[in-house]
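Novice: I have a structure I would like to understand better, so I am pasting it below and will then ask my questions one at a time.
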């Protein structure tokens, strides 16, 4: 399954719709696009993994680097939605949810993130 992602802006929320297998190159391309938005002053991000059932270890490292941006900018807010059971376990095991919220679905995330300042 090839990788792709799309970006859309919903109010102040940057939504990245991730599709396919996430390896190092895929994770890096996603991270760089998010960093570009962060450097432009954006602070609220939802990464929807509903169509990305698997992230390998090198892709996971890129996701860790992505959410670690919050360490140097406390205004950043990251959320993930639609994670498969495997991804949920992996993200939790490496501590990603110390820096990001998890939502079961995109619709749940959109409702939950509307409450964010």
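Residue numbers (our numbering): 4 to 120. Yeah, the Cβ is synthetic: ideal placement off N, Cα and C, and Gly gets one too.
1) Our contact map puts residue 53 next to residue 30 with C-beta atoms below 8 Å; I'd like the distance itself, whole angstroms only.
2) Using CA atoms only, rank isn't needed, just tell me which of 112, 70, 60 is closest to residue 35.
3) Only counting the same chain, and skipping five residues up and downstream in sequence, which positions put a Cβ closer than 8 Å to that of residue 107?
4) Select from 73, 78, 116 the residue whose C-alpha is nearest the C-alpha of residue 99.
5) Closest to residue 76 by C-alpha separation, out of 9, 47, 51, 96, would be which residue?
6) If contacts are defined as beta-carbon pairs under 8 Å, then residue 58 and residue 90 qualify, I think. What distance do you get, rounded to the angstrom?
7) Let's test the definition: count the other Cβ atoms within 10 Å of the Cβ of residue 20 and tell me whether it reaches 16, buried, or not, exposed.
Specialist: Reading from the atomic positions:
1) Between residue 30 and residue 53 the Cβ distance is about 17 Å, and since that is not below 8 Å, they are no contact.
2) 70
3) 84, 85
4) 73
5) 47
6) Between residue 90 and residue 58 the Cβ distance is about 6 Å, and since that is below 8 Å, they are a contact.
7) That one is buried.
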